[in-house]
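Letter by letter, the sequence shown follows residues 5 to 391 in our numbering.
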Amino acid sequence: MEAKVRGSKSSQTPTITDVTSEETLIDPEAAKPLIDSSKKSSKIKRVRRKATPSYNPLIKYGSLGLLVAQLVGLVMLMRYSRTHTNGKDLYLSSTAVFCMEVMKFIACNAVVFSHSGYSIKKYFSEIYHHLWESPIELMKVSVPSFLYVVQNNLLYLALTNLDAATYQVCYQLKILTTALFSAILLKRTFSRMKWFSLVLLTIGVAVVQTSGDTAHEGKSNDNQNRTLGLFAILCAACTSGFSGVYFEKILKGSSTSLWIRNIQMGLPSIIISYLTVYIEDGDVVATKGFFVGYSRTVWSVVVIQAVGGLIVAVVVKYADNVLKTFASSFGIVISCIVSAIFFDFRPNLAFLIGASFVVTSTVLYSKPEKKTRKRLKKKAALPITVK
């Protein structure tokens, strides 16, 4: 029998009124679960309000603009730096990756130092504990560290041989690889809609890969190998998916902060990237120097790539998943426009169709499921009833 708690004017003892409006006195202890459940329900609502704060629209959409600028600007600068050398020697991508890892390592250490209250003693104590006294943790993070170094070198190779628009579209395959590795390593399940979006993503990328383009970027196209660029971007998507899921797996159940994890990953990354320089480009470094071909543009690429992760971390605080999805979609569209204006990129119909499939699949994949939303609503507003 459904009932609700109601205060009585004649007595402080709560009464229960059933559907026939007959009043019956009950013991205070009997009504206690009802009052407690009411308090819990209101407490849940208050916690939810705190968990999802509403930010100023200017900050929210300003963060979206910053994320889009970071996504598009880095790709455009990397492409420009790899194709416009102004008669000088082309800089070595391996040295650029090494410099980026060093800058990122310094930035993460600066963040940890600030979190330590700018206390040198606390900072060194924390670094000593998480690095020197945690050799097993360092071995665990060495796997994604190695993969991230490989991935960054592959991205430079891809942008040397592909236009920025094709790169942006094809690199969205990291969504597919992340989903597959999540299903295998983390045992996650996906709805039919998500699988449909992944199939649509694969079709879109396949159409873009086979479409080619009618771009003319001057003499630099003579030295480009589109097949090699596509192979590099596919390998980069695979390393991105696996390393991201692996990193998430080792983070679960760990109290170590994300910044400390980045420092742990940064140490082996610096060592691996430094060895890569001399294994891959040792002869060039010996004859022409470590910083051969470097210019202001190249240094801008290195700095933006190094602090890019920090920018994304700040943006994520203010932008929800929907806005982040639109940032990726906007990035593809803006890359096509900018490439057409500054790089004389001329996409054909097949490219536009494939890119539309990729943008649609990205939005569908990030769309929250209806069952999840309904379940949350039911949990948030449970009726106070006695049967």
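All residues carry an ideal CB built from backbone N, CA and C; glycine is no exception.
Asked, Found
"Taking Asn157 and Thr291 to be in contact with their CB atoms under 8 angstroms, please state how far apart those CB atoms are, rounded to whole angstroms.", "The Cβ separation is near 21 angstroms, so there is no contact."
"Is Gln176 near the ligand SAH, judged by its Cβ being under 8 angstroms from some heavy atom?", "Annotation note on the ligand SAH: not contained in the displayed structure, which lists no ligands."
"Closest by CA to Val296, which one among Lys92, Ile131, Gly66, Ala111?", "Lys92"
"Secondary structure at Phe117, three-state DSSP: helix, strand or coil?", "helix"
"Taking C-beta to C-beta, are Ser339 and Met80 nearer than 9 angstroms?", "yes"
"Counting only the same chain and skipping the five closest in sequence on each side, list residues whose C-beta sits under 8 angstroms from that of Val147.", "Ser247, Tyr250"
"Rounding to the nearest angstrom, what Cα-Cα distance links Ile140 and His134 in this structure?", "10 angstroms"
"Secondary structure at Val362, three-state DSSP: helix, strand or coil?", "helix"
"If you draw a straight line from the alpha carbon of Thr164 to that of Ser129, how long is it in whole angstroms?", "43 angstroms"
"Provide the residue span of the alpha helix (DSSP H) that contains Arg196, from first to last.", "196-215"
"Evaluate Ile336 with the Cβ neighbour count: other Cβ atoms within 10 Å of its Cβ, from every protein chain shown; 16 or more gives buried, anything less gives exposed.", "buried"
"Going by beta carbon distance, what residues of the same chain come within less than 7 angstroms of Tyr171, once the five residues before and after it are set aside?", "Val79, Ala162, Leu163, Ile237"
"Counting only the same chain and skipping the five closest in sequence on each side, list residues whose C-beta sits under 6 angstroms from that of Val145.", "Gln268, Met269"
"Does the Cβ-Cβ distance between Ala169 and Phe355 come in under 9 angstroms?", "yes"
"How about Leu177 and Ala241: do their beta carbons lie closer than 9 angstroms?", "yes"
"Kindly list the residues whose CB is nearer than 6 angstroms to the CB of Ala385, restricted to its own chain and excluding five residues on each side of it in sequence; keep chain order.", "Only weak support is given to the placement of Ala385: the predicted model assigns it a pLDDT of 42, under 50, and the question is left unresolved by the model."
"Looking at Cys174: is its Cβ nearer than 9 angstroms to the Cβ of Val203?", "no"
"Beta carbon of Ser273, beta carbon of Phe109: below 9 angstroms?", "yes"
"What do you reckon, are the CB atoms on Gln213 and Leu190 nearer than 9 angstroms?", "no"
"Distance check for Thr260 and Ser138, CA to CA, integer angstroms please.", "11 angstroms"
"Determine the burial state of Leu262: buried for a count of at least 16 other Cβ atoms within 10 Å of its Cβ, exposed for fewer.", "exposed"
"Under the three-state reduction of DSSP, which class applies to Thr99: helix, strand or coil?", "helix"
"Using a 10 Å radius around the Cβ and a threshold of 16 neighbouring Cβ atoms, would you call Arg83 buried or exposed?", "buried"
"Might you give, ordered along the chain, the residues of its own chain that have their beta carbon closer than 7 angstroms to the beta carbon of Ile207, omitting 5 neighbours on each side?", "Phe361"
"Once you ignore the five residues that flank Met104 on each side, which residues in its own chain have a CB closer than 6 angstroms to its CB?", "Val306, Gln309, Ala310"
"What whole-angstrom Cβ distance do Met197 and Leu368 have, given they're in contact under 8 angstroms?", "6 angstroms"
"Could you compute how far the alpha carbon of Ala100 sits from the alpha carbon of Leu75?", "18 angstroms"
"Give the range of the alpha helix (DSSP H) segment to which Pro148 is assigned.", "139-165"
"Thinking Ser97 and Tyr160 are a contact (beta carbons under 8 angstroms), I'd like their distance in whole angstroms, please.", "3 angstroms"
"Just curious, the alpha helix (DSSP H) that Gly233 is in, first and last residue?", "230-255"
"At what residues does the alpha helix (DSSP H) containing Leu271 begin and finish?", "262-292"
"Beta-carbon separation of Val72 and Ala344 under 9 angstroms?", "no"
"Candidates Asn90, Phe334, Thr364, Ile131: which alpha carbon is nearest Asn266's?", "Ile131"
"Is Gln176 helix, strand or coil by DSSP?", "coil"
"Can you find the residues in the same chain that come closer than 6 angstroms, C-beta to C-beta, to Lys371, ignoring five residues on each side of it along the sequence?", "none"
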